[in-house]
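Novice: Dropping the structure in here first, questions after.
2 protein chains.
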Amino acid sequence: MSEPTPHAPRGFAIHTAPVGLADDGRDDFTVLASTVPATVSAVFTRSRFAGPSVLLSREAAADGRAQGVVVLARNANVATGREGEANAREVRESVARTLGVPEAELLIASTGVIGRQYPMEKIRQHLKGLALPFPEGGFDRASRAIMTTDTRPKQVGVRVGGATLVGIAKGVGMMEPDMATLLTFFATDARLDPEEQDRIFRRVMDRTFNAVSIDTDTSTSDTAALFANGLAGDVDPAEFEEALHTVALALVKDIAGDGEGASKLIEVQVTGARDTAQAKRVGKAVVNSPLVKTAVHGCDPNWGRVTMAVGKCSEDTDIDQDRVRVRFGDVEVYPPRAGGADGEDALRDAVADHLRGDEVVIGVDLAIADGAFTVYGCDLTEGYVRLNSEYTT
Amino acid sequence: MSEPTPHAPRGFAIHTAPVGLADDGRDDFTVLASTVPATVSAVFTRSRFAGPSVLLSREAAADGRAQGVVVLARNANVATGREGEANAREVRESVARTLGVPEAELLIASTGVIGRQYPMEKIRQHLKGLALPFPEGGFDRASRAIMTTDTRPKQVGVRVGGATLVGIAKGVGMMEPDMATLLTFFATDARLDPEEQDRIFRRVMDRTFNAVSIDTDTSTSDTAALFANGLAGDVDPAEFEEALHTVALALVKDIAGDGEGASKLIEVQVTGARDTAQAKRVGKAVVNSPLVKTAVHGCDPNWGRVTMAVGKCSEDTDIDQDRVRVRFGDVEVYPPRAGGADGEDALRDAVADHLRGDEVVIGVDLAIADGAFTVYGCDLTEGYVRLNSEYTT
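Pasting the structure below:
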C-alpha cells in the first residue's frame, strides 16, 4: 500500500524562475529533469489547434525515452504560426544544451493566453544565464511556477515499495481533457518495464484525468507525462498502478475543486450502463450541464435537471426513463414517489441538505447492464463568468 | 415576397388564462386551435426524458392532421411517472371535448420546472368552466401566456400570397434544440399539399431552430408545430418556404438575444467545411464554448479562444490549423500576422470595437470544401448563473 510522503524521488532536479511571461513577478519558467536517463509515458491533447509545444513533445515522447520537461506558464504559444513554432524549438534547444541531453529527449509544455508570441527577448536573456546544477527536489516550487489562474498549487506524493512517486498539476479552466489533461507531470525513481509503465499510465489517466471536466473547453495544450528514472530499483507493477491511481485521483479532485470560480466539487457516479463508454458519456452530460452546475451552486434541489441532462444522450436509445434511478448522495429523487406535494417538499429538503456540503455526489443508475464510470467537475458560479470575462485585458 | 403584417391568419381561435401553475397570477394556460380541420407538421425533442406531452403530441401529429394545441407553462410535467402521464391525458381529453375535436387531433405542450406534478385541482376547476367560442386572433396574448423566464414575448407575422403566417415562440434556457426547439407554434391560413408542407417545415426548422443554442442543455419539452387550415387558399410553395424561413429566423434571433441573462446575440458563420454537418459541428463548438461566451460578454478580444473551440472538434482530422481563417465581424484575427506586439495590440483594439455591439459575428473558414452553416447563441453572464442558481426555490 502507498502512503503520503513529503519525500521527493531521487535524481530529479528542478529549476524555477520569474522570466516575465506575465508582468507580475511570479515564477513562470520551470525545468524538471532527471539527472540520469529516464523512460517517459505521455499523453497529449487531441485538439486540432494543438500548439508547437504539444507537437514537439508528442514527437519526443514517441520512443519512450525522455529526461525531462521545460514548462512556460502564462502564454500558451498556440495559434502563433511559424514564428511560434520557431520560438518553441529555440527554447527547447537551449535548455537541452544546458542539461547536456539531446533535444529529442526533452519535452516542452506551455500554458496560458492563446494567440500571443512569447516575449523572446526576456526568455533569451534568462536562457543565457541558465547553468547546472539545478537543486534536487523542489516540486513545491515547480507546482507553483506552472500555475496560471489556479488559486493553489497541486502536488501529491506517495511511497511505493522502495520508491517514491510525486505528481504535480495545474489547470482550472479550459478544462475538458481529451486524452490528457492540462499540465500534469509525474516523477518517480521506480524502475518499470517501459511497455508495462506505458500501459499502466494510460489506464490510470483514462480513469482520472480523462474523467474531469470544468467547462467542456478542451485545452490546446493538454500534456501529461510520467518520468521514471529507476534509481530506486524495481517495484511491483500492480502496487505502482495503485499508487499512480491514488496520486492522479487526488490531483483530479484537487483540480475539480479548484475549477475557475468553483465552490463545490461534483462527482457523478454512473452505474448500470451498457458499457464504460456510455457511462462516461452520461456522466459528462450531467457534470457539464450548465443548468445542473448552477443548481448545485445555488444549493437548489432542482433534481429534474439531472434527468434532463441524462435525456440529452439521445443517441443512447437504450436509456429508458422508466428504469433510470437518480440520487443525490443517499437520497433517491427519481423515479417519482407517490405522496403528492408534501412528499416532494420533504425530498427537496433532503437534497438541499446534501447540496450544502463541499462535495456533491450525484448517482445515476441506467439499469441496462454493468458498465460504470465516475466523472468529476465543479459548479458554475458568477466567479467563473467574472474571471473569464476579463482574462486577457 | 413576404412582408410584416399585424394581421392574424383566418380561422384560429385562442384562449388564455391564469390557472395557477405558478403563484404569480400570470396567464399560464393556452389553447390555440383552428376552427376548421387543419394539417400539421411537427418536430419534437429527441430527449430520452421527453415528457408525456411530447409523447402524446408526437403520436397525434404522426398522421399530419391536428387542429390545435393546449399549452401549460411553468410546469414541464416531465419525470413525473404514471401520474404525470395520466394528468396529461386528462387535460388533453377535457380540452378536446370542449373543442369538439377527437383527442388525437389535439397536441399538448408543457414547459417549466421538471419533476413536479401539475396542480390538478386548479386545472380541473378551470377546465370545468371552459367553453366555446374562443375569440379569433389573440396571438399576442398566446405569445405571453407560454413564457417562462422569457423577458419578452416572441411573435412574428408575414403575408404570403393571399395568406398570413404567424409564429410564436418561447425559450431562453435549457436551450440546445435537438430536432426542434422549445415551444414554437406557427399558424397559417394558407393551403399546401400536406407532404410538401412537411418537407418545407423540416428544411426550415433545420436551418433555424436547430441552429440555436443558449446553453447546450436540450429541453425535455421541445415542440415545434405548424398548423395550416387552408382558409386563404393555395399559395406558391417556394414563396411559403421563404416566408416560413423569414418568420422562423426572426424568432430564432429574438430567442438567442433573449437567452437567460444574455446581453449579446452571437452569430457564428462557418464556411469552407467538408459538408453541412461539419460546419454545424464547428459552429456549435464555438457558440457553446463557455470561454468564448464569457469573452464576448466582457468585450475581451481574446480571439484565441475561438481557435481553441474549433480545435475541440478533434475527430475532424481534416481541420488544419495552417489553413483555418477566423474573423470577428470584418476583422481577420487568424492566421497570425507578422508585426509583433504592436500589430497584436491594434488587432485586439479592432476586435474589442466589434465586441461592444449588440450582435457579434464570428466567421470561421475551414478552407476544406464549400459546406456552410450559421448558428446562433448568446453570451454567458453572471445574470445566467444568478437566474439558474435560484430557479425552483
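Residue numbers (the working numbering), protein chains in the order written: chain A, 817 to 1209; chain B, 817 to 1209.
We put the beta carbon where it would ideally sit given N, CA and C, even for glycine.
Remember, it's a predicted structure, so these values are computed and weren't measured experimentally.
#1: Indicate whether at least one CB of chain B lies closer than 8 Å to the CB of Ala1078 (chain A).
#2: What are the boundary residues of the beta strand (DSSP E) that Tyr934 (chain A) is part of?
#3: Nearest by alpha-carbon distance to Thr1062 (chain A): which of A:Gly1077, A:Met1021 and A:Val885 is it?
#4: Using the C-alpha atoms, what's the distance from Phe865 (chain B) back to Ala895 (chain B)?
#5: So if DSSP puts Val1215 (chain B) in a beta bridge, which residue, or which two residues, is it bridged to?
#6: Using a Cβ cut-off of 7 Å, which residues of the stretch 951-977 of chain B contact any Cβ in chain A, in chain order?
#7: Can you tell which of B:Pro951, B:Asp966 and B:Ala1003 has its C-alpha closest to the C-alpha of Val972 (chain B)?
#8: Opposite Leu999 (chain B) in the DSSP bridges: which residues?
#9: Whose C-alpha, out of A:Ser959, A:Ala1154, A:Pro868 and A:Glu952, is nearest the C-alpha of Ile924 (chain A)?
#10: May I ask which residues mark the beginning and end of the alpha helix (DSSP H) holding Ser959 (chain B)?
#11: Should Phe950 (chain B) and His831 (chain B) be called a contact, given that it needs their Cβ atoms to be closer than 8 Å?
#12: Going along the stretch 1028-1062 of chain B in order, which residues come within less than 8 Å of chain A, judged by CB to CB distance?
#13: Per DSSP, what kind of secondary structure is Glu1011 (chain B) in: helix, strand or coil?
#14: Under a three-way DSSP split, which group does Asp1161 (chain B) fall into?
#15: Along the chain, where does the alpha helix (DSSP H) containing Ala1100 (chain B) start, and where does it finish?
#16: Could you tell me which of A:Ser959, A:Ala854, A:Glu1076 and A:Gly928 sits nearest to Arg1202 (chain A), measuring between CA atoms?
#17: Taking Arg908 (chain B) as the reference, which of B:Asp1009, B:Gly977, B:Glu919 and B:Thr1032 has the closest Cα?
#18: How long is the line joining the alpha carbons of His1170 (chain B) and Arg1164 (chain B), rounded to whole angstroms?
#19: Nearest to Gly983 (chain A) by CA position, among A:Gly977, A:Asp966 and A:Phe1001, is which residue?
#20: What separation, rounded to the nearest whole angstrom, lies between the Cα atoms of Ala904 (chain B) and Val1191 (chain B)?
#21: Whole alpha helix (DSSP H) runs in the stretch 826-873 of chain A with 4 or more residues, listed along the chain?
#22: Which two residues bound the contiguous alpha helix (DSSP H) that contains Leu1203 (chain B)?
#23: Beta-carbon within less than 7 Å of Gly827 (chain B)'s beta-carbon, same chain only, minus the 5 sequence neighbours each way: which residues are those?
#24: Compare the C-beta of Thr997 (chain B) against all C-beta atoms of chain A and say whether one is closer than 8 Å.
#25: How would you write the range of the alpha helix (DSSP H) that Thr914 (chain B) sits in, first residue to last?
#26: In whole angstroms, what separates the C-alpha of Met963 (chain B) from that of Ala833 (chain A)?
#27: Going by CA-CA distance only, name the one from B:Thr846, B:Ile1030 and B:Ala902 that's closest to Asp1195 (chain B).
#28: Can you find a CB in chain A that lies within less than 8 Å of the CB of Tyr1150 (chain B)?
#29: Could you tell me the alpha carbon to alpha carbon distance between Val1176 (chain A) and Lys1080 (chain A), rounded to whole angstroms?
#30: Tell me, please, whether the CB atom of Glu875 (chain A) is closer than 8 Å to any CB atom in chain B?
#31: Between Asp1181 (chain B) and Asn1026 (chain A), what straight-line distance do the alpha-carbon atoms span, to the nearest angstrom?
#32: Does any residue of chain B have a CB that is nearer than 8 Å to the CB of Glu1206 (chain A)?
#33: Within the 8 Å Cβ cut-off, does Met1124 (chain A) reach chain B?
#34: Does DSSP put Gly1145 (chain A) in a helix, in a strand, or in coil?
#35: How would you list, in chain order, the residues of chain B whose beta-carbon sits under 8 Å from the beta-carbon of Gln1217 (chain A)?
#36: With a threshold of 7 Å on Cβ separation, who are the neighbours of Asp1074 (chain B) within its own chain once the five nearest residues in sequence on each side are excluded?
Specialist: A quick look at the data gives this:
#1: Reading the first sequence from its first residue, position 262 is the one you call residue 1078 (chain A). Chain B, which has no Cβ nearer than 8 Å to the Cβ of Ala1078 (chain A), makes this no.
#2: By 1-based counting over the first sequence, the position of residue 934 (chain A) is 118. Here Tyr934 (chain A) belongs to no beta strand (DSSP E), and DSSP marks it neither H nor E.
#3: Position 246 of the first sequence, counting from 1, holds the residue named residue 1062 (chain A). Of the listed residues, the one whose Cα sits closest to Thr1062 (chain A) is A:Met1021.
#4: Position 79 of the second sequence, counting from 1, holds the residue named residue 895 (chain B). Position 49 of the second sequence, counting from 1, holds the residue named residue 865 (chain B). Ala895 (chain B) and Phe865 (chain B): Cα-Cα distance of roughly 7 Å.
#5: It is not possible to answer for residue 1215 (chain B), since the shown part of chain B is limited to 817 through 1209.
#6: Here the close residues number zero.
#7: By 1-based counting over the second sequence, the position of residue 972 (chain B) is 156. Distance from the Cα of Val972 (chain B) is smallest, within the candidate group B:Pro951, B:Asp966 and B:Ala1003, for B:Ala1003.
#8: Along the second sequence, read from residue 1 onward, the residue named residue 999 (chain B) stands at position 183. Looking at the DSSP assignment, Leu999 (chain B) forms a beta bridge with B:Lys986 and B:Thr1039.
#9: Residue mapping note: residue 924 (chain A) aligns to position 108 of the first sequence, counting from 1. Minimum Cα distance to Ile924 (chain A) is reached at A:Pro868.
#10: Position 143 of the second sequence, counted from the first residue, corresponds to residue 959 (chain B). Element bounds for Ser959 (chain B): Phe955 to Ala961.
#11: Taking the first residue of the second sequence as position 1, residue 950 (chain B) is located at position 134. Taking the first residue of the second sequence as position 1, residue 831 (chain B) is located at position 15. It is a contact, given that the beta carbons lie within the stated cut-off.
#12: Asp1031, Thr1032, Asp1033, Thr1034, Ser1035 and Thr1036
#13: Sequence index remark: in the second sequence, residue 1011 (chain B) carries index 195 (1-based). The answer is helix: DSSP assigns Glu1011 (chain B) an H, G or I state.
#14: Residue numbering aside, residue 1161 (chain B) sits at position 345 when the second sequence is read from its first letter. Correct three-state label for Asp1161 (chain B): helix.
#15: Indexing the second sequence from 1 puts residue 1100 (chain B) at position 284. First, the amino acid is wrong: residue 1100 (chain B) is Lys here, not Ala. Where Lys1100 (chain B) is concerned, the enclosing alpha helix (DSSP H) stretches over Thr1092 to Val1103.
#16: On the first sequence, residue 1202 (chain A) is found 386 positions in, with the first residue counted as 1. When each option's Cα is compared against that of Arg1202 (chain A), the closest is A:Glu1076.
#17: One-based indexing of the second sequence puts residue 908 (chain B) at position 92. If we check each option's Cα against that of Arg908 (chain B), B:Glu919 comes out closest.
#18: Locating residue 1170 (chain B) in the second sequence gives position 354, where the first residue counts as 1. Locating residue 1164 (chain B) in the second sequence gives position 348, where the first residue counts as 1. C-alpha separation (whole angstroms): 10 Å.
#19: Against the first sequence, residue 983 (chain A) aligns to sequence position 167. Checking every option, the nearest Cα to that of Gly983 (chain A) belongs to A:Phe1001.
#20: Counting from one through the second sequence, the residue named residue 904 (chain B) turns up at place 88. Counting from one through the second sequence, the residue named residue 1191 (chain B) turns up at place 375. So the alpha carbons of these two residues sit roughly 34 Å apart.
#21: Runs found: none.
#22: In the second sequence, counting from the first residue as 1, residue 1203 (chain B) sits at position 387. Following the DSSP letters along the chain, one finds Leu1203 (chain B) inside the alpha helix (DSSP H) bounded by residues Glu1198 to Ser1205.
#23: Mapped onto the second sequence, residue 827 (chain B) falls at position 11. The residues are Ser850, Thr851, Val852, Asp1005, Asn1045 and Leu1047.
#24: As a first step, residue 997 (chain B) is located in the second sequence; it is residue number 181 there, counting from the start. Unreliable positioning characterises Thr997 (chain B) in this predicted model, as indicated by a pLDDT of 42, which lies under 50. A coordinate reading is not provided.
#25: One-based indexing of the second sequence puts residue 914 (chain B) at position 98. Element bounds for Thr914 (chain B): Gly897 to Leu915.
#26: Translated into the one-based positions of the second sequence, residue 963 (chain B) becomes position 147. Translated into the one-based positions of the first sequence, residue 833 (chain A) becomes position 17. Taking the straight line joining both Cα atoms gives about 57 Å.
#27: Along the second sequence, read from residue 1 onward, the residue named residue 1195 (chain B) stands at position 379. Of B:Thr846, B:Ile1030 and B:Ala902, the residue nearest in Cα terms is B:Ile1030.
#28: By 1-based counting over the second sequence, the position of residue 1150 (chain B) is 334. Closer than 8 Å: yes.
#29: Residue mapping note: residue 1176 (chain A) aligns to position 360 of the first sequence, counting from 1. Residue mapping note: residue 1080 (chain A) aligns to position 264 of the first sequence, counting from 1. Whole-angstrom Cα-Cα distance: 7 Å.
#30: Your numbering for residue 875 (chain A) matches position 59 in the first sequence. So, not an interface residue.
#31: Numbered from its first residue, the second sequence carries residue 1181 (chain B) at position 365. Numbered from its first residue, the first sequence carries residue 1026 (chain A) at position 210. One C-alpha to the other measures close to 30 Å.
#32: By 1-based counting over the first sequence, the position of residue 1206 (chain A) is 390. Yes, Glu1206 (chain A) counts as interfacial toward chain B.
#33: Counting from 1 along the first sequence, the entry for residue 1124 (chain A) is found at position 308. Chain B, which has a Cβ nearer than 8 Å to the Cβ of Met1124 (chain A), makes this yes.
#34: Numbered from 1 along the first sequence, position 329 holds the residue referred to as residue 1145 (chain A). Collapsing the DSSP output to three states places Gly1145 (chain A) in coil.
#35: Since the first residue shown for chain A is 817 and the last is 1209, residue 1217 (chain A) is missing from the structure and cannot be characterised.
#36: Within the second sequence, the letter at position 258 stands for residue 1074 (chain B). If we look at Asp1074 (chain B) and ignore the five residues flanking it on each side, its Cβ neighbours are Asp966, Thr967, Arg968 and Val988.
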